[in-house]
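K.L.:
The structure follows.
Residue numbers (the numbering used here): 662 to 1168.
So, in structure tokens, the structure goes:
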């Protein structure tokens, strides 16, 4: 009887009818209509700015739609804030963490619905006990009484997922949830999603990673330029079919078609025996016109190494030479003045200045250069610089005054690179530049990286995607636990060899 009850025709159903959302100068969603039923995982795919996250924000009450209807189990919904959506049984988990850092894990998990006893006082013991059960079910090592601030980025993301899980929502949406998770944590997440599907939940899943779609998705909703262009069974289409629908063309082999630097020049950057609190005695050389890849597993020390070179973190010992001359970057400003630029891994926390406009995010590193004789910013020159950056990097924005936080992740990333470009660096460090970027935008970034090398600059590329690091790099340095464990030429690079150095230290 229990099995029959589970197969009952009573289902949860979400319907989107003719959803439109307009921003000044932008049609973010144009008549989106489809129906989603319980017990299914629906992937939202499309290029950055295609409308995926906008639809989720309407579902979550962050945005109000310009026109259209959202129905849950046949009843029209009017959400004016996320609290309305939560009370209706909808939870949306965004890529950007929405936890309160100075609260405990248990307090975050029960946020908005803290358990209370008969005396109406908060029952912390009950919250701790129930959170501990969920943690054990997830199979992760987290203390429910720990402050969220003390957790790793990945564990903070898991707390966000637990928060939605414990609400027992009818509809759960994930917006790029694996961006900061390790492979083991991704396996845990997928196990939870399969369980949600078996419980009859409706699951929406936004991701640019095709391998993830193969593992957990039933149906794929394809967005392009704010419109729904296809709804297909995942098993009935190939990855190449999906890419073609998303970008309107067959990308073919992205790496084979790239125009590469014809020759590698003299050494532009030399690092000797650099040590910081994590990196141990790292030495390497970077040449003009070279793309030098850095590979390794999570925690290998690649980002920590580059932050020291850039002056964002202190260096304990070692020497850095630029153009044969010793330099000491005690701050990012010094690094920029010396001709080194860094596009950081964490776009939200370290890359963009979210409260400023797109234009200000591009020009902020070179404001001194834009001063006139009266030491005031020359508005005309600044406007020319900003418009040139928007045009050159194809940043999709209605105008330069739009807040950068309102752009898609890919366009935010382009603005960060445009800012670095305006400092005219000899060395540009790109830390996970295509993280969370769709395949169409990746193609643009790959061309841009190769263009920097052809200009004679030294390019350092950090990437966790092995096809990307192999396809772009002239030479690859592999790190493990803060040390260099191997160096591989482009001709010899394979995924197996990189993983050998990354996991076993080349033994």
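C-beta atoms are modelled at their ideal positions from N, C-alpha and C, and glycine is treated no differently. From a predicted model like this one, the values you see are computed outputs, not experimental measurements.
Is the CB-CB distance between residue 958 and residue 1088 below 8 Å?
P.N.:
The answer is no: Cβ separation not under 8 Å.
K.L.:
Quick one: Cα of residue 884 to Cα of residue 689, how far?
P.N.:
Cα to Cα, residue 884 sits roughly 11 Å from residue 689.
K.L.:
List the DSSP bridge partners of residue 948.
P.N.:
Answer is 928, bridged to residue 948.
K.L.:
Can you grab the Cα-Cα spacing for the pair residue 826 / residue 1086, in whole Å?
P.N.:
Distance between the alpha carbons of residue 826 and residue 1086 is about 46 Å.
K.L.:
Mapping DSSP to helix, strand and coil, what is residue 1171?
P.N.:
Any question about residue 1171 goes unanswered here, given that the chain covers just 662 to 1168.
K.L.:
Check residue 1089 in the structure and name its three-state DSSP category.
P.N.:
DSSP places residue 1089 in strand when its eight states are reduced to three.
K.L.:
Please classify residue 906: does DSSP put it in a helix, a strand, or coil?
P.N.:
In the structure shown, residue 906 sits in a helix (DSSP, three-state: H, G or I).
K.L.:
Taking the straight line between their C-alpha atoms, what separation do you get for residue 747 and residue 721?
P.N.:
Those two C-alpha atoms are separated by around 8 Å.
K.L.:
Quick check: residue 1063 and residue 1019, are their CB atoms within less than 8 Å of each other?
P.N.:
Yes, Cβ-Cβ distance for residue 1063 and residue 1019 is below 8 Å.
K.L.:
Nearest to residue 1102 by CA position, among 1071, 1120, 1079, is which residue?
P.N.:
When each option's Cα is compared against that of residue 1102, the closest is 1071.
K.L.:
Measuring alpha carbon to alpha carbon, tell me which residue in 743, 789, 1144, 741 is nearest residue 764.
P.N.:
When each option's Cα is compared against that of residue 764, the closest is 789.
K.L.:
Residues bridged to residue 920 by DSSP?
P.N.:
None; residue 920 has no bridge partner.
K.L.:
Would the stretch 1139-1148 count as touching the stretch 1111-1120 if we require 3 or more Cβ pairs under 8 Å?
P.N.:
As far as the Cβ criterion goes, the stretch 1139-1148 does not touch the stretch 1111-1120, which means the pair count is below three.
K.L.:
Tell me, please, which residues DSSP counts as bridged to residue 1134.
P.N.:
In the DSSP output, where bridge partners are listed per residue, residue 1134 has none listed.
K.L.:
If distances are taken between C-alpha atoms only, which option among 950, 994, 858, 1153 comes closest to residue 924?
P.N.:
The candidate whose alpha carbon is nearest that of residue 924 is 950.
K.L.:
Considering only residues of the same chain and omitting the five flanking positions on each side of residue 1132, which have a CB-CB separation below 6 Å?
P.N.:
Result list for residue 1132: 916, in chain order.
K.L.:
Straight-line CA distance for residue 912 to residue 706?
P.N.:
Residue confidence is low: residue 912 scores 47 on pLDDT, short of 50, so the model does not pin down where it sits. Its coordinate-derived value is still stated next. The alpha-carbon atoms of residue 912 and residue 706 are separated by roughly 16 Å.
K.L.:
Please classify residue 742 as buried or exposed, where buried requires at least 16 other C-beta atoms within 10 Å of its C-beta.
P.N.:
That one is exposed.
K.L.:
Taking only the alpha-carbon atoms, compute the straight-line gap between residue 1083 and residue 824 and give it to the nearest angstrom.
P.N.:
Approximately 42 Å, taken between the alpha carbons.
K.L.:
Apply the 10 Å Cβ neighbour rule to residue 1022 and answer buried if 16 or more other Cβ atoms are within range, or exposed otherwise.
P.N.:
Result: buried.
K.L.:
Less than 8 Å between the C-beta atoms of residue 695 and residue 904, yes or no?
P.N.:
Cβ distance not < 8 Å, so residue 695 and residue 904 don't count as in contact.
K.L.:
Quick check on residue 836: does DSSP put it in helix, strand or coil?
P.N.:
If DSSP states are grouped into helix, strand and coil, residue 836 belongs with the strands.
K.L.:
Whole angstroms are fine: how far does the CA of residue 937 sit from the CA of residue 775?
P.N.:
Their Cα atoms are separated by approximately 42 Å.
K.L.:
Could I get the ranges of all uninterrupted alpha helix (DSSP H) runs contained in the stretch 755-842, with 4 residues as the minimum, in chain order?
P.N.:
DSSP runs (the alpha helix (DSSP H)) wholly in the stretch 755-842: 766-770, 785-799, 814-827.
K.L.:
In this structure, what does DSSP give as the bridge partners for residue 1023?
P.N.:
According to DSSP, which records beta bridges pairwise, residue 1023 is partnered with nothing at all.
K.L.:
For residue 684, which three-state DSSP category applies?
P.N.:
DSSP places residue 684 in strand when its eight states are reduced to three.
K.L.:
Please report the Cβ distance between residue 970 and residue 929, rounded to the nearest whole angstrom; I am assuming they are in contact, meaning their Cβ atoms lie under 8 Å.
P.N.:
Residue 970 to residue 929, Cβ: 13 Å. No contact.
K.L.:
Can at least three beta-carbon pairs, one atom from the stretch 849-869 and one from the stretch 784-804, be found at a separation below 8 Å?
P.N.:
These segments touch.
K.L.:
Could you tell me the distance, in whole angstroms, from the CA atom of residue 1047 to the CA atom of residue 1024?
P.N.:
So the alpha carbons of these two residues sit roughly 6 Å apart.
K.L.:
Below 8 Å between beta carbons: does that hold for residue 760 and residue 820?
P.N.:
In this structure, residue 820 lies closer than 8 Å to residue 760 by Cβ.
K.L.:
Taking a contact to mean a Cβ-Cβ separation below 8 Å, would you say residue 676 touches residue 732 in this structure?
P.N.:
Yes, the Cβ-Cβ distance between residue 676 and residue 732 is below 8 Å.
K.L.:
For residue 860, which of 1030, 1153, 700 has the nearest alpha-carbon?
P.N.:
Closest option to residue 860, Cα to Cα, is 700.
K.L.:
So for residue 859, helix, strand or coil by DSSP?
P.N.:
Helix.
K.L.:
Flag this pair as yes or no: are the beta carbons of residue 1120 and residue 952 separated by less than 8 Å?
P.N.:
For residue 1120 and residue 952, yes; Cβs fall inside 8 Å.
K.L.:
Could you say which of 793, 873, 880 lies nearest to residue 863 if we only look at CA atoms?
P.N.:
Closest option to residue 863, Cα to Cα, is 880.
K.L.:
If you run the structure through DSSP and keep just helix, strand and coil, what is residue 670?
P.N.:
Caution is warranted here: a pLDDT of 36 is assigned to residue 670, below 50, making its placement in the model unreliable, and the coordinate value is therefore given only provisionally. In this structure, residue 670 counts as coil in the three-state DSSP scheme.
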